[in-house]
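Asker: Start counting the sequence shown at 180; every next residue gets the next number (the working numbering).
Even glycine gets a Cβ: it sits at the ideal position worked out from N, Cα and C.
There's a structure below that I have some questions on.
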Amino acid sequence: MSLQKPTYQLMLDLDLPEGGEAITDDERIRSEAARSALDSLFGKVGAPRWLDEYLELTRGGWPWRVAAYIAWASTPRVSREPKTQDLLAREYLGLNSDRVISTWRKRNPAIEEMIRQMQASPLFKHRAEIFNALVAVAVKPEYKSHNDRKLAFELMGDYVPASKAFLAMTGKIKGKDLSKLSIDELMELAASMEDENNEHAEN
């Protein structure tokens, strides 16, 4: 599965309640107070490292508590602040427990997908450097650069791994008894497979 750069945008058809079906005045006040406290941490020493991502998510339409959870869960486990999901719920989200977070995750697969994308996002920040490093090694005329050259050719479509070619061939001839085909039919099948391989290489 290819990586996707996160857009932080909430899909419009998703239903992302922050709690139960009804929110009391006390719960609303508590939510607003917790959000105000979290927002006040921007720019302060010791503030959670995930605040910038949290802000991007809220701008993308995610409810603030869900955005905070996604941003927190996207950070490396060893450096998360706070350390546990329950502490996040109690100390930052103004919740009595983290049970509602489990509810969000069950109802909305998009949350886990967003976390996955954000965890991969550092790769996109260094995309140019990664490609430059690949080129720098691949162009060296030495045997140690073979795998880098192979990867570069595959990315450019100039090389199709044998495993992929084999799968394409077996898929094309699956269910056919080649012994019963005429020479012309075999040549037509081979030409068809070659055209498909060339089209794959061009793409």
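Looking at residue 247: is its Cβ nearer than 8 Å to the Cβ of residue 272?
Answerer: yes
Asker: Kindly provide the ranges of any alpha helix (DSSP H) runs that are 4 or more residues long and lie completely inside the region 217-267, ordered along the chain.
Answerer: 230-238 and 243-252
Asker: Pull up the distance between the alpha-carbon of residue 329 and that of residue 335, whole angstroms please.
Answerer: 10 Å
Asker: For residue 215, count neighbouring C-beta atoms within 10 Å of its own C-beta (all shown protein chains included) and say buried if the count is 16 or more, exposed if not.
Answerer: exposed
Asker: Counting only runs of 3+ residues fully inside the region 304-334, write out the beta strand (DSSP E) ranges in chain order.
Answerer: none
Asker: Buried or exposed: which applies to residue 237, given that a residue is buried once 16 or more other Cβ atoms fall within 10 Å of its Cβ?
Answerer: buried
Asker: How would you write the range of the alpha helix (DSSP H) that residue 202 sits in, first residue to last?
Answerer: Premise fails: residue 202 is in no alpha helix (DSSP H) and is neither H nor E.
Asker: Enumerate in chain order the residues of its own chain whose CB-to-CB distance from residue 326 is below 8 Å, with the five nearest sequence positions on each side excluded.
Answerer: Correct list: empty, nothing qualifies.
Asker: Under a CB-based cut-off of 8 Å, is residue 370 close to chain E?
Answerer: The structure shown contains no chain E, having only a single protein chain.
Asker: Buried or exposed: residue 315, going by 16 or more other Cβ atoms within 10 Å of its Cβ?
Answerer: By the neighbour-count rule (16 or more Cβ atoms within 10 Å), residue 315 is not buried but exposed.
Asker: For the alpha helix (DSSP H) containing residue 281, name the first residue and the last one.
Answerer: Note, residue 281: alpha helix (DSSP H), 278-286.
Asker: If we count the other Cβ atoms within 10 Å of its Cβ and call it buried at 16 or more, is residue 302 buried or exposed?
Answerer: Residue 302 comes out exposed.
Asker: Where residue 180 and residue 208 are concerned, what is the direct C-alpha to C-alpha distance, given to the nearest angstrom?
Answerer: A caution first: residue 180 carries a pLDDT of 40, below 50, which makes its placement in the model too unreliable to give a value.
Asker: Going by C-alpha to C-alpha distance, which of 295, 263, 331 and 254 sits closest to residue 228?
Answerer: 254
Asker: Which same chain residues, not among the five before or five after residue 298, have their C-beta less than 6 Å away from its C-beta?
Answerer: Listed in chain order, the non-local C-beta contacts of residue 298 below 6 Å within the same chain comprise 253, local neighbours out to five positions each way being set aside.
Asker: Can you tell me whether residue 272 is helix, strand or coil according to DSSP?
Answerer: Look at residue 272 here: in three-state DSSP terms it is coil, with no helix or strand label.
Asker: Reducing DSSP to helix, strand and coil, say where residue 191 ends up.
Answerer: Legend: pLDDT at residue 191 = 42, less than 50; position of this residue unreliable, no value from coordinates given.
Asker: If residue 245 and residue 290 are in contact, beta carbons under 8 Å, what's the gap, nearest whole angstrom?
Answerer: 7 Å
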